[in-house]
Structure formats: structure tokens, C-alpha cells
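**Q** For the sequence shown, the working numbering assigns the number 1 to the initial residue and increments by one for each residue that follows.
Idealized CB from N, CA, C, for every residue including glycine.
I'd like to ask you about the structure that follows.
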Amino acid sequence: MRELFWYFLKLGWLAFGGPVGQIGLMHLQVVERQKWLDEEEFVRALNFCHVLPGPEALQLAIYIGYRKGGYAGGALAGVLFILPGFMTLTALAFIYVRFGKTAQVLGVLWGFRPVGLSLLLAALVRISRATLKDTFSVLLSCIAFVAFFFGHAPFLLVLLGCGLVGLVRGRRSAALAALPVLLWPAAGAAESTGQRLFDISSFFLKVGLFSFGGAYAVLPYIREGAVAGYGWIGDREMIDALALGETTPGPLISIGIFVGYLAGNARGVPWLGAVAATFWLFLPSFVFVLGAARHMDWLTSRPGMKAFLKGVTCGVVGLMFSVSIPLAKVAFMASGTVDWITVVLGLAAFAALTFWKWRLNVVAVVLAGGALGLLRAFAPGLFGGPEL
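Laid out in C-alpha cells, this is it:
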């Protein structure tokens, strides 16, 4: 147990760069060095995490902890994996609230926003390339976009609808899709409450339950609830959270901690907001992994599950495109007119992340944008004044 503690504590602080890098670090330690799992067991565990909602790197950490130390080991590994991200994001949220109106911080955020949008668009390109391989998938993605952006259909309804369409197209039993559908009424039960912490808890529980497709895929839902629904934050805070989240260790979905802090801050309880968001956001991952670990082979072998997730992923592409539109207005039109400097910065970041032969580290790209923004704050004549 001591070995497990020190490894995952260290991993939590090194877990930059998204799930690919995080999973690579775990493979190096767990398979190649310590031999806690063999290659086949690691791949099976990773496939198991792929079919569950939630951040797959966190879920893999929980599973490895479970295999090494039982349920207590799984819980310990998961908590230690999350802890550094919680600490850094709450610290950044504190600085954001306390010093967010100073010229230096405003300048950094000015540089972060177009880069944050480029991160979303780069992820959209990657997912589109992997998912939209036939006419049906393109059509389903377009329908999801129209339903969410123009029809204002609820995110969860669109997501589950796409999953069910994929399931029906795969000619599998609809029974497999029953769990998400049955969870729908329970997930919406807290919508009428006026208590801020209860709203934060219920909202992020739903985010954790339905976060299929990774952190970028669930951004439309976070925006739907935190921006358009509850009004806790605006689009500026949303894109700031995305950029700041990329500079911290742990799952990108941890931006929910930042949002929870800001939501709680409006009622004078920022730390409670962050804690509530963290607990309920990640609770489903612990429950799913520890509850279903013994049945992972059965779960990953279900053809219906694969068909459902394929439909969900098609819908995710349309949903991600829909959320990029309002965020683009924030990144490129902060003063009401197009800021061409931010457009160039965003395009450069997008190219560096997507097309450049030697793709730059995400954290480096975000920090470069922040550095340019800081330069703008000290020398506004270079880019115009720091009006945000």
C-alpha cells in the first residue's frame, strides 16, 4: 500500500499532457518496471475504461490501484491522481477571482483565450477524423449540431438520442441503452432547487455520469449548465477555465473544479463549491470502476455497447462544434469587433497542435499564448490596449 501511495502521488503531479501521456506513464511503471499487470491485462483494463463515462486515465489509475490493493487501493490511487489538479486549479481560481482585473492577469487571459479555442478545435479535428468515416456518421453529427445549436435541445437528450440511433442502426437490443435512459429522470431531479451547493453537486454528478468521449466532448454540457442554465459563469470564464485546465496536472475534466469554485464564490463559499464539484464530478468514475471491475470482460465484449458509443461519439462532434461558436466570439471579438491579433494567435496555435510535423506540447502552446498576453500588458502598443 505504501508503494501504491508514493507512486500515484508522484504520478498525479506529473500527469500533464492529456490521457495519452498519462496512460503512457502508467504503462511504463505498471507493465514495464513493476510488473503489476502484464501487457494483455493492461490493454483489457484500458478497453474497459474506454466504455465507461468519465476520464479514462483516472479510471485506469483506479483499476490499477484496485488490482494492487483492493477497493481501498483503488480509492487511494484515484484520490491521489486527482489531488494535484484540485490543488492547482483551486489556487488558480483564487488568483483569478482575487487578481483577475489587474492588467497583467487580463493580458495573460487575452493570450490564453484564442489558444483555448484552438485546443477545442484541434480536439474536434482529431475526433472527427476518427469518427466521421461514412455518410451516416456525418449526418448524425449534423443532426446533433442542429438540434443543440438551433433547436436548443438539452445536451443529454441529444447525446442519448445519438447513442440510441447508433444502437438501432447496429441492430442490437435496446436493453443495453436502458441504463443511461433510466438515469435521466434521476439526473434531472435536482433542477428546481435554489440551493447553490446542491445545484453544484447535482450538476456535476450529471457531468460525471454522462461524460462520454472525453473532457472536450462534455464541454457543451458544462457550458449549457454553468453558463446558459445556472448563469454561474460567462463564456469568458468558460474559455479561461479550458486554457487554465490544460496547464495543470490531472484529467482535463477537472476544469469543473474551477467552475465549481467560481459558482461557490458568488455565494461566498468558493472552497465548498470546488470541493462539491470535485466530489460529485469524479464519484461516478470510482463507482463504475470499482463496481464493475470483476465484470469488465463481459462489458467490453458487448456489441451493443460499442454501437451505442459509436452513436454517442458522432453526436459529440456536432455538440463540440456548436460550443466552439460562442467561445470563438469571446476569443476573437472581446470588444465587439474582430481582434485580428487574436485570430492570428489562435490560427498559429491550432496549426502547431494539428498540422505541424513536430507538434508542440499543449502546455507549452498555452503558456506561449499567456506570455504574449503578458507582453501585451506591459507593452500595449505592440498589440493595442488590454481591453478584455
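Taking 8 Å as the limit between beta carbons, can you name the residues of its chain near Gly107, skipping five residues before and five after?
**A** Taking Gly107 as the centre and dropping the five residues before and after it, the same chain places the C-beta of Gly373, Leu374, Leu375, Arg376, Ala377, Phe378 and Pro386 closer than 8 Å to its C-beta, in chain order.
**Q** Within 10 angstroms of the Cβ of Glu3, are there 16 or more other Cβ atoms? Answer buried if so, exposed if not.
**A** exposed
**Q** Under 8 Å between C-beta atoms, does Gly369 make it to chain D?
**A** You won't find chain D in this structure, because it holds only one protein chain.
**Q** Could you have a look at Pro249 and say whether DSSP puts it in helix, strand or coil?
**A** coil
**Q** Please report the distance separating the alpha-carbon of Arg172 from that of Gly151.
**A** Confidence at Arg172 is low in this model, with a pLDDT of 45, below 50, so its placement is unreliable and the value that follows should be read with caution. Whole-angstrom Cα-Cα distance: 29 Å.
**Q** Decide yes or no for the touch test of the region 270-286 against the region 115-122: beta carbon pairs closer than 8 Å, at least 3 of them.
**A** Fewer than three beta-carbon pairs drawn from the region 270-286 and the region 115-122 are found closer than 8 Å, and the two stretches are therefore not classed as touching.
**Q** Under 8 Å, with one C-beta from each stretch per pair, do the region 129-148 and the region 341-348 reach the 3-pair mark?
**A** With a cut-off of 8 Å, the region 341-348 and the region 129-148 do not count as touching, because too few Cβ pairs lie within range.
**Q** What first and last residue would you give for the alpha helix (DSSP H) that runs through His152?
**A** Here His152 belongs to no alpha helix (DSSP H), and DSSP marks it neither H nor E.
**Q** For Leu25, which residues in the same chain have their Cβ closer than 8 Å to its Cβ, ignoring the five residues on either side in sequence?
**A** Leu11, Leu14 and Ala15
**Q** Run the CB neighbour count on Lys329, radius 10 Å, all protein chains shown included, and call it buried at 16 or more, exposed below.
**A** Counting of Cβ neighbours within 10 angstroms places Lys329 among the exposed residues, the total staying below 16.
**Q** Using only alpha-carbon positions, find the residue among Gly304, Ile253, Pro84 and Gly111 that is nearest to Phe282.
**A** Ranked by Cα distance from Phe282, the first of Gly304, Ile253, Pro84 and Gly111 is Ile253.
**Q** Would you call Lys68 buried or exposed, if buried means 16 or more other Cβ atoms sit within 10 Å of its Cβ?
**A** So Lys68 counts as buried.
**Q** Roughly how many angstroms separate the alpha carbons of Glu224 and Phe308, rounded to a whole number?
**A** Cα-Cα distance, rounded: 23 Å.
**Q** Give a yes or no on whether the C-beta atoms belonging to Ala93 and Phe258 are separated by under 8 Å.
**A** Yes. Within cutoff.
**Q** Taking a contact to mean a Cβ-Cβ separation below 8 Å, would you say Ser285 touches Leu58 in this structure?
**A** The Cβ-Cβ distance between Ser285 and Leu58 falls below 8 Å.
**Q** In whole angstroms, what separates the C-alpha of Gly245 from that of Lys306?
**A** Going from the Cα of Gly245 to the Cα of Lys306 covers about 30 Å.
**Q** Just to confirm, is the Cβ distance from Gly70 to Ile62 under 8 Å?
**A** Between Gly70 and Ile62, the gap from beta carbon to beta carbon reaches 8 Å or more.
**Q** Checking 8 Å against the spacing of the C-beta atoms, do Tyr7 and Ala123 come in under that value?
**A** Not a contact, by the Cβ cut-off of 8 Å.
**Q** What's the C-alpha gap between Val125 and Asn265?
**A** 35 Å
**Q** Any chance the region 228-244 sits against the region 289-299, with 3 or more Cβ pairs inside 8 Å?
**A** no
**Q** Return the residue from the list Leu28, Gly54, Pro53 and Leu52 that minimises the CA-CA distance to Ala42.
**A** As written in the sequence, residue 42 is Phe, which differs from the Ala given in the question. Residue Leu28 is the option with its Cα nearest to Phe42.
**Q** Taking just the CA atoms, how far does Leu219 sit from Arg98?
**A** Whole-angstrom Cα-Cα distance: 25 Å.
**Q** Would you please state the rounded distance, in angstroms, between the beta carbons of Phe145 and Gly318? I believe it to be under 8 Å.
**A** 3 Å
**Q** Going by C-alpha to C-alpha distance, which of Met87, Phe112 and Leu37 sits closest to Phe332?
**A** The shortest C-alpha separation from Phe332 is found at Phe112.
**Q** Excluding sequence positions up to five away, which residues of its chain have a Cβ less than 6 Å from the Cβ of Thr88?
**A** Thr248
**Q** From what residue to what residue does the alpha helix (DSSP H) around Gly78 run?
**A** Glu56 to Phe99 is the extent of the alpha helix (DSSP H) around Gly78.
**Q** Here's the rule: buried if 16 or more other CB atoms are within 10 angstroms of the residue's CB, otherwise exposed. What is Trp280?
**A** buried
**Q** Check for me: the alpha helix (DSSP H) holding Val323 runs from which residue to which?
**A** Pro303 to Phe332
**Q** Rounded to whole angstroms, how far is the Cβ of Pro200 from the Cβ of Gly260, which I believe are closer than 8 Å?
**A** The question names Pro, but residue 200 is Ile in the sequence shown. Rounded, the Cβ-Cβ distance is 5 Å, consistent with contact.
**Q** What's the C-alpha gap between Leu60 and Gly21?
**A** Linking Leu60 to Gly21 through their CA atoms gives a straight-line distance of about 13 Å.
**Q** What does the alpha-carbon distance come out to for the pair Phe288 and Val366?
**A** 33 Å
**Q** Since Lys10 is in the alpha helix (DSSP H), which residue starts that stretch and which ends it?
**A** Arg2 to Leu14
**Q** Is it the case that the Cβ atoms of Ala147 and Arg196 are separated by a distance below 8 Å?
**A** no
**Q** In or out: Pro303 buried (at least 16 other Cβ within 10 Å) or exposed?
**A** exposed
**Q** Less than 8 Å between the C-beta atoms of Leu353 and Ile239, yes or no?
**A** Cβ atoms of Leu353 and Ile239: not closer than 8 Å.
**Q** Which residue marks the beginning of the alpha helix (DSSP H) containing Leu109, and which one marks its end?
**A** Judged by DSSP secondary structure, Leu109 falls within the alpha helix (DSSP H) whose first and last residues are Ala103 to Thr131.
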